[in-house]
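K.L.:
For the record, in the sequence shown the residue sitting at position 60 is 863 according to the working numbering, with numbers rising by one throughout. We put the beta carbon where it would ideally sit given N, CA and C, even for glycine.
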Amino acid sequence: MRRRSTQIAAHTWLVLLVLVYVIPIWLMIVTSFRSPTGGGVFRDWSPFALKAFIPYNPDWSGYKTLFAAGSYFPQALINTLIVCAVTLVVGTIINLLAGFTFAYFDFPGSNVIFTLTLITFMVPFEAIVIPILSIVQKLNLVDTLAAVILPTVANGFIVFMFRQFYRGIPKDLREAAMLDGAGLGTILLRIYLPLSRPLMVTSAIVLFISQWQSLFLPLAVLRSPSNWVLQLSLSSLQGTVQLPSWGPVLAAGVITLVIPVVLVAPFMRYFKLSLLDGATRG
804 MRRRSTQIAA HTWLVLLVLV YVIPIWLMIV TSFRSPTGGG VFRDWSPFAL KAFIPYNPDW
864 SGYKTLFAAG SYFPQALINT LIVCAVTLVV GTIINLLAGF TFAYFDFPGS NVIFTLTLIT
924 FMVPFEAIVI PILSIVQKLN LVDTLAAVIL PTVANGFIVF MFRQFYRGIP KDLREAAMLD
984 GAGLGTILLR IYLPLSRPLM VTSAIVLFIS QWQSLFLPLA VLRSPSNWVL QLSLSSLQGT
1044 VQLPSWGPVL AAGVITLVIP VVLVAPFMRY FKLSLLDGAT RG
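1) Tell me where the alpha helix (DSSP H) around Trp863 begins and ends.
2) Grab the span of the alpha helix (DSSP H) containing Val1064 for me, first residue to last.
3) Figure out for me which residue from Gln967, Thr809 and Val821 has the closest Cα to the Cα of Leu899.
4) Is the distance from the Cβ of Ser1038 to the Cβ of Gln878 below 8 Å?
5) Quick check: what's the CA-CA separation for Trp863 versus Ser838?
6) How far does the alpha helix (DSSP H) with Met1003 in it extend, from its first residue to its last?
7) Along the chain, where does the alpha helix (DSSP H) that runs through Ala957 open and close?
8) Which term fits Tyr824, buried or exposed, when burial requires 16 or more other beta carbons within 10 angstroms of its beta carbon?
9) Quick check: the region 826-838 against the region 1053-1061, are at least 3 beta-carbon pairs closer than 8 Å?
10) Just confirm the distance between the C-beta atoms of Ser1036 and Phe870, as a whole number of angstroms; I'd bet it's less than 8 Å.
11) Check Ile881 in the structure and name its three-state DSSP category.
12) Assuming Glu978 is part of the alpha helix (DSSP H), what are its boundary residues?
13) Quick check: the Cα distance between Ala906 and Arg970, rounded to an integer number of angstroms?
14) In terms of residue numbering, what span does the alpha helix (DSSP H) encompassing Ile935 cover?
15) Using the beta-carbon count (16 or more within 10 Å), is Trp1015 buried or exposed?
16) Under a CB-based cut-off of 8 Å, is Trp816 close to chain D?
17) Going straight from the alpha carbon of Ser1006 to that of Ile881, what length do you get?
18) Between the alpha carbons of Ala985 and Phe965, how many angstroms are there, rounded?
19) Among Trp816, Thr918 and Pro1063, which has the Cα closest to the Cα of Thr883?
20) What are the boundary residues of the alpha helix (DSSP H) that Ala1023 is part of?
21) To the nearest angstrom, how far is it from the Cα of Ala901 to the Cα of Pro973?
22) Please state whether the Cβ-Cβ distance between Val945 and Val939 is less than 8 Å.
23) Compute the Euclidean distance between the alpha carbons of Val1065 and Ser1013, then round it to the nearest angstrom.
24) So Phe1011 and Leu891 are supposed to be a Cβ contact under 8 Å. How far apart are they, rounded?
25) Helix, strand or coil: how does DSSP classify Val886 here?
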């Protein structure tokens, strides 16, 4: 009886915790369909009013305005998808090869270099944005999407996961392949890569989400509205002359929320498994 009461209390707490996150999101979605006329988008809006949770008489004017001619949001959405796609592909390859190198080779100074790699994801980004901006300026990459991609493809946390995972692979597999005449490339492609597919998916998810929600780096290196990414465009909507209504702002928030959920949700089952496995190996 006591155990059942504990389970009920735990489930109740989890439900309340979920509602704390779900209710604001649902209010944002419903309010994005409010008509901008007749009291504004916040008409009948109250967290304690039943009408606030019901999308009655939905109005698409906020979404239409968001994608109307002259809006920077569509181009920002395209730019963000390009940045995310390039980052997750190139970043996964770079981090995978780095983790494989640390796990496969034992060279002088490898532990020191690996420790420095771990430190990189512990340092706040705000502390290194000025050196990054200086390097980007010297490479003449300011106001280009490359300035957003290049500083983010290498991730110390992902390198750590690949290194730990590869160190846990039995050496007998590698030695048997070497006896059969397999080279380093064959061992990587035929043994290590197939075993690390879930971890590769996890790497792609981490890189995608980090770029999708990135604001500080794009704010520092991007100048032209035509090169803006999604978070920059979203932050510029509030209080602008171009889109002064809250309808487009909330519509942009909904789109920003829905796209990563649709793209990432089918692969989330790999995230937990590979994260736990990669962190506990070695």
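P.N.:
This is what the structure holds:
1) Neither: Trp863 is in no alpha helix (DSSP H) and is coded neither H nor E.
2) Trp1049 to Val1067
3) Gln967
4) For Ser1038 and Gln878, no; Cβs fall outside 8 Å.
5) Trp863 and Ser838: Cα-Cα distance of roughly 8 Å.
6) Arg1000 to Trp1015
7) Element bounds for Ala957: n/a, residue is neither H nor E.
8) exposed
9) yes
10) 12 Å between Cβ atoms; not a contact.
11) helix
12) Lys974 to Leu982
13) Between the alpha carbons of Ala906 and Arg970 lies a gap of roughly 5 Å.
14) Val932 to Lys941
15) buried
16) In the structure shown, chain D does not exist; there is a single protein chain.
17) 22 Å
18) The straight-line gap from Cα to Cα measures roughly 22 Å.
19) Pro1063
20) Phe1019 to Val1024
21) 19 Å
22) yes
23) When rounded, the separation of the alpha-carbon atoms in Val1065 and Ser1013 is 16 Å.
24) 5 Å
25) helix
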